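Take 14 as the starting number for the sequence shown in our numbering and just add one per residue.
Where a beta carbon is used, it is the ideal one built from N, C-alpha and C, also for glycine.
Since this is a predicted model, take the numbers as computed values, not measurements.
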Amino acid sequence: MGGWSGSRRDMRTRGRPAGAIAALALGLVCALPANLAGAAEKVKMSTFQSNFCCFAVYVAQQMKLFEKHGVEVELIYGTGIQVANILISGSADFGAFAIEHGVAVTSKGQDVKLLVVTLTRPPFSVIVRNEVPTPNAGKPYPQMLADLKGLKIGISTPGASTDVTLRFLLREAGLDPQKDVTIVPVGDPVTALAGLKNGVIDGNMSVEPTQTAAVTGLKIAKHVLNIEGGEGPELFKEFAYNGVFARGSTLKERPQAARGVVAAIVEAEQMIQDPNRLDDVVKVAQATMRGIDADLLRTYLLTYRKNFGPVATPKAIANISQMLLAGRLIAQGVSWSQVVAQDLMPRELPDPADH
Numbered sequence: 014m015g016g017w018s019g020s021r022r023d024m025r026t027r028g029r030p031a032g033a034i035a036a037l038a039l040g041l042v043c044a045l046p047a048n049l050a051g052a053a054e055k056v057k058m059s060t061f062q063s064n065f066c067c068f069a070v071y072v073a074q075q076m077k078l079f080e081k082h083g084v085e086v087e088l089i090y091g092t093g094i095q096v097a098n099i100l101i102s103g104s105a106d107f108g109a110f111a112i113e114h115g116v117a118v119t120s121k122g123q124d125v126k127l128l129v130v131t132l133t134r135p136p137f138s139v140i141v142r143n144e145v146p147t148p149n150a151g152k153p154y155p156q157m158l159a160d161l162k163g164l165k166i167g168i169s170t171p172g173a174s175t176d177v178t179l180r181f182l183l184r185e186a187g188l189d190p191q192k193d194v195t196i197v198p199v200g201d202p203v204t205a206l207a208g209l210k211n212g213v214i215d216g217n218m219s220v221e222p223t224q225t226a227a228v229t230g231l232k233i234a235k236h237v238l239n240i241e242g243g244e245g246p247e248l249f250k251e252f253a254y255n256g257v258f259a260r261g262s263t264l265k266e267r268p269q270a271a272r273g274v275v276a277a278i279v280e281a282e283q284m285i286q287d288p289n290r291l292d293d294v295v296k297v298a299q300a301t302m303r304g305i306d307a308d309l310l311r312t313y314l315l316t317y318r319k320n321f322g323p324v325a326t327p328k329a330i331a332n333i334s335q336m337l338l339a340g341r342l343i344a345q346g347v348s349w350s351q352v353v354a355q356d357l358m359p360r361e362l363p364d365p366a367d368h
């Protein structure tokens, strides 16, 4: 399937047909703000707290982009698989969580649809405390992961994306997740950082901002495998890590709200990637990433802001299915058309001038 990219510049360099196709694909996302004439439509969205995988949600909330596009969003916070379950149970209208969870429940018959991606590449790094020996450092993937044998490795919660991905990586390295390491639930990024500082865990399957704070800020840990920096298995090279979902019934009953949510997330990601808005998004990060120094937050955003994009390609969904199949978490693969709300999913990130 052609026509997929993460930026308008990519589309132009491939000789995209003039205007019409792109305008049609983005019409539902980048049109005028939804519901201009009336009051904002109130909705609830489950999400994570103090976690860069949902940073576009925080930007949309703090910068009042949801309201601009006709929706008033109440955020309901959870951890791990809980965030997906809040949506599936009907306690929220939308949910921002790991796309692998959406693929997994779709494979089991749940009618949930992915509307827009909040983060493309997994925001993960496998890190260990500085005193942990790493004789395999610098070796090709997955050989460096052999150094995890016998260690206590933190995850957020059982069944969460940190857990699923860590087990996948361990198996890739020939290690048994049940026998060769001790997997320890340590909660959100703040409590994970505390676990590293206090020696409760030897290492962590870290999600930002944990690794930036531990490695660059406090200098108490080192990378074993920096996935968000491009290291690791080939399937992470084209991926869709986190996104906003809705139940199929919600899309039928509240289509205008869904369009508004997508438009707000897309505009938030434009803001994150725009060098001229860096100060603004750093302020949002300061307000939502508890206890992390502003300079570290700025460094993170400068380094990884291109990972914030709205597009889930068919290949990205296929790669998610491949990882879940390898872990025997689904019985058969899930296609792009099964899990994606095709009339809402952006095909590119438009230039800020287009909004």
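Checklist entry - Considering only residues of the same chain and omitting the five flanking positions on each side of VAL213, which have a CB-CB separation below 6 Å? => result None.
Checklist entry - Does the Cβ-Cβ distance between VAL145 and ASP215 come in under 9 Å? => result With respect to the 9 Å criterion, VAL145 and ASP215 are classified as neighbours on the basis of their beta carbons.
Checklist entry - Do you know whose CA, among LEU231, THR229, LEU238, GLY230, lies nearest ASN217's CA? => result Of the candidates LEU231, THR229, LEU238, GLY230, the one whose C-alpha sits nearest the C-alpha of ASN217 is LEU238.
Item to check | Coarse secondary structure for ASN239, derived from DSSP in three states | outcome: In the structure shown, ASN239 sits in a strand (DSSP, three-state: E or B).
Next on the checklist: Quick check on DSSP: helix, strand or coil for THR167?
Outcome noted: Checking the sequence, you will find Gly at residue 167 rather than Thr. When DSSP states are grouped into helix, strand and coil, GLY167 belongs to the strand group.
Checklist entry - Would DSSP call LEU45 helix, strand or coil? => result Any reading at LEU45 must be qualified, since the residue scores a pLDDT of 44, below 50, and its modelled position is unreliable; the value itself is stated next. Coil, per DSSP.
Checklist entry - Smallest Cα separation from GLY200: which of LEU291, ILE168, ILE333? => result Among LEU291, ILE168, ILE333, the Cα nearest to that of GLY200 is on ILE168.
Item to check | Own chain residues within Cβ distance below 7 Å of VAL86, not counting five before or after | outcome: The beta carbon of VAL86 sits closer than 7 Å to the beta carbons of VAL56, MET58, GLN74, PHE79 from its chain, once the five residues preceding and following it are set aside; these are given in chain order.
Checklist entry - According to DSSP, is LEU342 helix, strand or coil? => result Coil, per DSSP.
Next on the checklist: Going by DSSP, what residue range makes up the beta strand (DSSP E) through ALA111?
Outcome noted: It spans 107-111 - the beta strand (DSSP E) in which ALA111 sits, taken as one unbroken run.
Next on the checklist: Would the segment 326-339 count as touching the segment 241-255 if we require 3 or more Cβ pairs under 8 Å?
Outcome noted: Segments in contact, yes.
Checklist entry - Can you give, in chain order, each stretch of the beta strand (DSSP E) that sits fully within the segment 116-199 and has at least 3 residues? => result DSSP runs (the beta strand (DSSP E)) wholly in the segment 116-199: 125-132, 137-142, 165-168, 195-198.
Next on the checklist: Taking the alpha-carbon of ALA227 as reference, which of PHE61, GLY346, TYR313 has the nearest alpha-carbon?
Outcome noted: Nearest neighbour of ALA227 by Cα position, chosen from PHE61, GLY346, TYR313, turns out to be TYR313.
Checklist entry - Does the beta-carbon of GLN224 have 16 or more other beta-carbons within 10 angstroms, so that it is buried, or is it exposed? => result Counting Cβ neighbours within 10 Å, GLN224 comes out buried, since at least 16 surround it.
Item to check | Counted within 10 angstroms of its Cβ, other Cβ atoms place LEU350 as buried (16 or more) or exposed | outcome: Note on identity: in this sequence residue 350 is Ser, with Leu being the wrong assignment. Counting the other Cβ atoms within 10 Å of the Cβ of SER350 gives fewer than 16, which makes it exposed.
Next on the checklist: Taking the straight line between their C-alpha atoms, what separation do you get for ILE285 and THR170?
Outcome noted: Put simply, the backbone Cα of ILE285 is about 28 Å away from that of THR170.
Next on the checklist: So, at 6 Å on beta carbons, what are the nonlocal neighbours of VAL347 in its own chain, with the 5 sequence-adjacent residues on each side left out?
Outcome noted: Sequence-distant Cβ neighbours of VAL347 in its own chain, meaning closer than 6 Å and more than five residues away, are VAL116, THR119, SER120, SER334.
Item to check | Start-to-end residues for the beta strand (DSSP E) that takes in GLY273 | outcome: Careful: GLY273 lies outside any beta strand (DSSP E), inside the alpha helix (DSSP H) at 268-286.
Checklist entry - Rounded to the nearest angstrom, how far is the Cβ of LEU362 from that of GLU241, given a contact under 8 Å? => result Not confirmed; about 18 Å, so no contact.
Item to check | Secondary structure, alpha helix (DSSP H): runs of 4+ residues fully inside the segment 49-108 | outcome: Segments of the alpha helix (DSSP H) lying fully in the segment 49-108: 68-75, 78-81, 95-101.
Next on the checklist: By the DSSP assignment, the beta strand (DSSP E) with SER219 in it spans what residues?
Outcome noted: For SER219, the uninterrupted beta strand (DSSP E) segment begins and ends at 216-220.
Item to check | Nearest-angstrom Cα separation, counted from GLN62 out to GLY91 | outcome: The straight-line gap from Cα to Cα measures roughly 7 Å.
Checklist entry - Quick one: what does DSSP say ALA38 is sitting in, helix, strand or coil? => result With a pLDDT of only 37 at ALA38, under the threshold of 50, the placement of this residue in the model should not be trusted; the figure read from the coordinates follows. When DSSP states are grouped into helix, strand and coil, ALA38 belongs to the helix group.
Checklist entry - Can you find at least 3 beta carbon pairs, one from the segment 64-74 and one from the segment 289-300, that sit closer than 8 Å? => result In this structure the segment 64-74 lies against the segment 289-300, because at least three pairs of beta carbons, one per stretch, are closer than 8 Å.
Checklist entry - Residue range of the alpha helix (DSSP H) that ARG311 falls in? => result Where ARG311 is concerned, the enclosing alpha helix (DSSP H) stretches over 307-317.
Checklist entry - Taking DSSP as the reference, what is the three-state secondary structure of GLY208? => result DSSP places GLY208 in helix when its eight states are reduced to three.
Checklist entry - Which word fits PRO359, buried or exposed, when buried means at least 16 other C-beta atoms lie within 10 angstroms of its C-beta? => result Result: buried.
Item to check | Beta-bridge pairing of PHE258 - partner residues as DSSP gives them | outcome: DSSP, once it has assigned bridges, lists GLY108, LEU127 as partnering PHE258.
Item to check | For ALA253, the three-state DSSP class (helix, strand or coil) | outcome: Three-state result, ALA253: coil.
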